[in-house]
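**Q** Protein chains in written order, with my numbering: chain F, 60 to 169; chain A, 52 to 164.
Cβ atoms here follow ideal geometry from the backbone N, Cα and C, with glycine treated the same way.
This structure is in C-alpha cells; I'll ask about it shortly.
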C-alpha cells in the first residue's frame, strides 16, 4: 500500500466550477501536508502548505486536512482554464522526505 | 525560474550506457532531493543530501548513485541503463528540513532507447 494515495483522474470540469481534489494517507505520523501544482513539462511548484488538521485558505484555493480520517483535500473555487495542471498532494513527518501522491490531472474547460 | 537549475533538459541514450544528471540548488538551500517521475509511478523519492552528506535514501536502484559537492551542486549518476529507466528526473532543494517546502527544478527528461 502506498503511503499517500491519490486518484490520478483525469478530471475535467467547466470553467467556474468548484473543484475538489482528494488524497488519503496511511502513516498517522504525518504532520505536514502540501499541495503542489505541476504544469506540463515543468517541475512541481508548491501551492499550499498545512500543518496538522484544519483548513487553510489562499485566494481561490482551500486546503483541508482531517487527521482523524487521514484525508487531505484541495478545493478550487471559480476554476479557470489556467488552473489546468496536475495536482499532487504530499505529506511528511519531522525531517523526513516528502511522500507524494500519484497526482490528479485536472482540465478546466472554457 | 524556480532557482533550481537542472542540466541537461533532455537526454537520449542507449541501453547499457551511463549518464550524469546535474543539479544546482537554489541559493542558500542546503538540502538536495532527487525524484524520478514516470507515468505509472508518480514522483518517487530517490535520495536526499544535506550539506554534502547523504541524509535519506528511497527506492534508489544500486545502478544509481548520487553525490553533493562542497559547492552544494549535486549529480545523479545512472549506469547500465535499461528501457524502464526512461523517466523525468527532478531535483529539488530546500533550506533545511522538508517543512520549508521543496523548490523543484524543471527536470531532465531521460529517454533510453
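Please state whether DSSP places residue 141/F in a helix, a strand or coil.
**A** Within the first chain, the letter at position 82 stands for residue 141/F. Of the three classes helix, strand and coil, the one that applies to residue 141/F here is helix, per DSSP.
**Q** Give a yes or no on whether the minimum CB-CB distance between residue 96/A and chain F is below 8 Å.
**A** Within the second chain, the letter at position 45 stands for residue 96/A. Yes - at least one Cβ of chain F is within 8 Å of the one on residue 96/A.
**Q** Locate the beta strand (DSSP E) running through residue 75/A, then write down its first and last residues.
**A** Counted from its first residue, the second chain places residue 75/A at position 24. Segment 70–75, the beta strand (DSSP E) holding residue 75/A.
**Q** In the DSSP assignment, what residue or residues form a beta bridge with residue 61/A?
**A** Residue mapping note: residue 61/A aligns to position 10 of the second chain, counting from 1. Paired residue(s): 160/A.
**Q** Under 8 Å, with one C-beta from each stretch per pair, do the segment 68–83 of chain A and the segment 129–146 of chain A reach the 3-pair mark?
**A** Yes: at least three Cβ pairs fall under 8 Å.
**Q** Should residue 164/A go down as buried or exposed, given a rule of 16 or more other Cβ atoms within 10 Å for buried?
**A** Reading the second chain from its first residue, position 113 is the one you call residue 164/A. That one is exposed.
**Q** I'd like to know if residue 117/A contacts chain F, where contact means its C-beta is closer than 8 Å to some C-beta of that chain.
**A** Numbered from 1 along the second chain, position 66 holds the residue referred to as residue 117/A. Not one chain F Cβ lies under 8 Å of residue 117/A.
**Q** Check whether the segment 66–83 of chain F and the segment 137–152 of chain F touch, using three or more Cβ-Cβ pairs below 8 Å as the test.
**A** The segment 66–83 of chain F vs the segment 137–152 of chain F: in contact.
**Q** Ordered along the chain, which non-local residues of its own chain (more than five positions away) have a Cβ less than 6 Å from that of residue 110/F?
**A** Within the first chain, the letter at position 51 stands for residue 110/F. Here the set comprises 91.
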